[in-house]
Amino acid sequence: MKVALMSLIALVCCFGAKTSFTRRISLKTRPTTRASGNSRSILSRVFSRMRGGFPMKTDSKLQAKGDCNTLTTLVEEVRNLLSVHPPKTLASGSTDARKLLEPITKILQDVTAKEINLEVPVIPERFPRRALGYIPVWEQEDFEIGIFAFPPGAVIPLHDHPGMFVLSHVLYGSITVKSYDIDHETGETRRKETRLLKESESSLLFEHDRNIHEFTAGEDGCAVLDILAPPYDHDNGRGCTYYTAEETEMKTETGNKKSSIILRRCPQPQWFTTYRIPTKMDKVDETYLIKQLK
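Residue numbers for the sequence shown, in mature numbering (1 follows the signal peptide of the UniProt record, and there is no 0): -16 to -1, 1 to 278.
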């Protein structure tokens, strides 16, 4: 009886040890799946709404210094500005609005990919050719900041920003920006400008100034940091509309020829795709920002 009992205990222990060992191996060897980014086929869906700000890890070294990095300073400056002057006021593009935005443009003057420790993002090979990458920096109710990563020659097609102001800043590489205005009294379209932006250069658009634009990356690709206020929001009439531009010649009453531009609304081009991608860079210190509100 004693021998039988000892044998039974040994068997149970052996089974328990085997089960425990198997569980450890299964946990250790279980494959980990990592999403390389959620597909965003519509520009306005790229700026998905995340109430209360995009969750970011706190940089312990940053806290120890008692100061904040450039991106944190940028978020704080934009947030402080919008707490006093709503996006609608700034989107007007008035002289006062442009002056209010000067501190933000000043912060961006020296911001490059190197300054924020941004590694050149790589678009995974399985993504469509010339697909764009998107890196969220900060997202909240009244503004969003994100980075678009352009492969060489990649394009964001002609689109608008209803009721917004947008500040675009080149972190590396170069990009050509083609902008249009619509006279909301006459409905006439005019080409505002075609401008080449290089590293550390910025451009601003407002509700009625350069609001419809197209981006084309240079031969080396580029990264562009965008500040949008307010963000796209289909439910509140701020959806993204795409356009095609057609130049025509018209005769005036005096018989002279006059060049005219016609913008036609169109569906989002099928070739245009944007994906959220992971990359290494500085993070916004959310803990620091929360302390500033107290």
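Even for Gly, the Cβ is constructed at its ideal location relative to N, Cα and C.
Range covered by the alpha helix (DSSP H) that runs through residue i
i, result
"P87", "86 to 92"
"A75", "71 to 75"
"T173", "Premise fails: T173 lies in the beta strand (DSSP E), 173 to 182, not in any alpha helix (DSSP H)."
Residue i - DSSP class collapsed to helix/strand/coil
i, result
"D165", "strand"
"Y272", "helix"
"L(-6)", "With a pLDDT of 42 at L(-6), under the threshold of 50, the predicted position of this residue should be treated as unreliable, and no value is reported."
"L277", "helix"
"H218", "helix"
"R35", "Confidence is the limiting factor: at R35 the pLDDT is only 28, short of 50, which leaves the residue's position unreliable, though a coordinate-based value still follows. Three-state result, R35: coil."
"T225", "coil"
"E230", "strand"
"A207", "strand"
"R260", "strand"
"T238", "coil"
"T96", "coil"
"A81", "helix"
"A138", "coil"
"H197", "strand"
"G147", "coil"
"K267", "coil"
"L102", "coil"
"F190", "strand"
"I107", "coil"
Given residue i as reference, the closest of the options once Cα atoms are compared
i, options, result
"L142", "A133, Q276, Q252", "Q252"
"residue 298", "N195, E61, E172, K90", "It is not possible to answer for residue 298, since the shown part of the chain is limited to -16 through 278."
"L102", "L55, E128, T271, V59", "L55"
"K267", "W255, R179, C224, I131", "I131"
"Y156", "A213, P146, V208, L247", "V208"
"S244", "E233, A133, L58, H197", "E233"
"D193", "E183, E185, T173, K182", "T173"
"Q254", "I140, L212, L277", "I140"
"I129", "E231, A213, R249, K275", "A213"
"E183", "K176, N195, C206", "C206"
"A229", "F256, E237, I196", "I196"
"M265", "R175, E99, R114, E177", "E99"
"H145", "A81, L188, V68", "L188"
Residue range of the unbroken beta strand (DSSP E) whose run includes residue i
i, result
"L55", "Where L55 is concerned, there is no enclosing beta strand (DSSP E), although the alpha helix (DSSP H) it sits in stretches over 54 to 68."
"K241", "241 to 250"
"F127", "F127 -> no beta strand (DSSP E), and no H or E assigned at all."
"V121", "116 to 123"
Would you check if there are 3 or more beta carbon pairs closer than 8 Å linking the stretch 259 to 273 to the stretch 106 to 119?
yes
Is the stretch 218 to 238 in contact with the stretch 90 to 103, if contact means three or more CB pairs nearer than 8 Å?
no
If you pair each beta-carbon of the stretch 49 to 69 with each one of the stretch 159 to 167, do three or more pairs fall below 8 Å?
no
For the pair the stretch 188 to 204 and the stretch 102 to 112, tell me if three or more CB-CB distances fall below 8 Å.
no
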